[in-house]
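K.L.:
Pasting a structure here, questions to come.
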Amino acid sequence: MSTAYEANGSVVLRIRDTGVGMTRSELEQAMKPFRQVTTGTRKRGDGTGLGLPLTKAMVDANRANFAISSTPNEGTLVEVIFPSPRVLAD
Numbered sequence: 044m045s046t047a048y049e050a051n052g053s054v055v056l057r058i059r060d061t062g063v064g065m066t067r068s069e070l071e072q073a074m075k076p077f078r079q080v081t082t083g084t085r086k087r088g089d090g091t092g093l094g095l096p097l098t099k100a101m102v103d104a105n106r107a108n109f110a111i112s113s114t115p116n117e118g119t120l121v122e123v124i125f126p127s128p129r130v131l132a133d
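Each residue of the sequence shown is one higher than the one before, counting from 44 in our numbering.
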């Protein structure tokens, strides 16, 4: 995890993992509540399938921006961007 202050005044939180990563269609599936990604090499996890959807909902509720990208066999990057008006407001 890292935090960066951008020149435009926004704050960016970056969370990166080096797990198995996901394809675009797997990522779309993982963003749906109660869904888990399963493939031939990946079995259903112990979670509820709410981690990413709840994270995005909380980010949206705070009027911040959410971005996620993933590459199979490399991992996933989640970015939460708080625009400068939101940073200054609180």
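Even for Gly, the Cβ is constructed at its ideal location relative to N, Cα and C. Model, not experiment: these values are computed from the prediction.
1) Taking the alpha-carbon positions, what's the Asp133 to Thr81 distance?
2) Run through DSSP, which three-state label would Ala50 get?
3) If you count every other CB in all the chains shown that lies within 10 Å of the CB of Phe77, and 16 or more means buried, which is it?
4) Pull up the distance between the alpha-carbon of Thr66 and that of Ser113, whole angstroms please.
5) Between Ile111, Leu70, Phe125 and Ser127, which lies nearest to Arg59 when the distance is taken from Cα to Cα?
6) With 16 as the cutoff for other CB atoms within 10 Å, does Thr61 come out buried or exposed?
7) As a quick exercise: from Pro115, Pro96, Asn116 and Ile124, pick the residue whose alpha carbon is nearest that of Phe109.
8) Using the rule of at least 16 other Cβ atoms within 10 Å of the residue's Cβ for burial, across every protein chain shown, is Ala107 buried or exposed?
9) Closest to Lys75 by CA distance: which of Val63, Gly52 and Thr91 is it?
P.N.:
Reading it off the structure:
1) Indexing the sequence shown from 1 puts residue 133 at position 90. Indexing the sequence shown from 1 puts residue 81 at position 38. Bear in mind that a pLDDT of 49 at Asp133, under 50, signals an unreliable position, so the model cannot answer this.
2) Translated into positions along the sequence shown, residue 50 becomes position 7. If DSSP states are grouped into helix, strand and coil, Ala50 belongs with coil.
3) Here the question's residue 77 lines up with position 34 in the sequence shown. With a 10 Å radius around the Cβ and a threshold of 16 neighbouring Cβ atoms, Phe77 comes out exposed.
4) Counting from one through the sequence shown, the residue named residue 66 turns up at place 23. Counting from one through the sequence shown, the residue named residue 113 turns up at place 70. Looking at the two C-alpha atoms, the distance is approximately 7 Å.
5) As a position in the sequence shown, residue 59 is number 16, starting the count at 1. Taking only the C-alpha atoms, the option nearest Arg59 is Ile111.
6) Numbered from 1 along the sequence shown, position 18 holds the residue referred to as residue 61. Exposed is the call here.
7) Taking the first residue of the sequence shown as 1, we reach residue 109 at position 66. Of Pro115, Pro96, Asn116 and Ile124, the residue nearest in Cα terms is Ile124.
8) Working through the sequence shown from its first residue, we reach residue 107 at position 64. The residue is buried, with at least 16 neighbouring Cβ atoms inside 10 Å.
9) Stepping through the sequence shown from its first residue, residue 75 is reached at position 32. Lys75 has its Cα closest to that of Thr91, out of Val63, Gly52 and Thr91.
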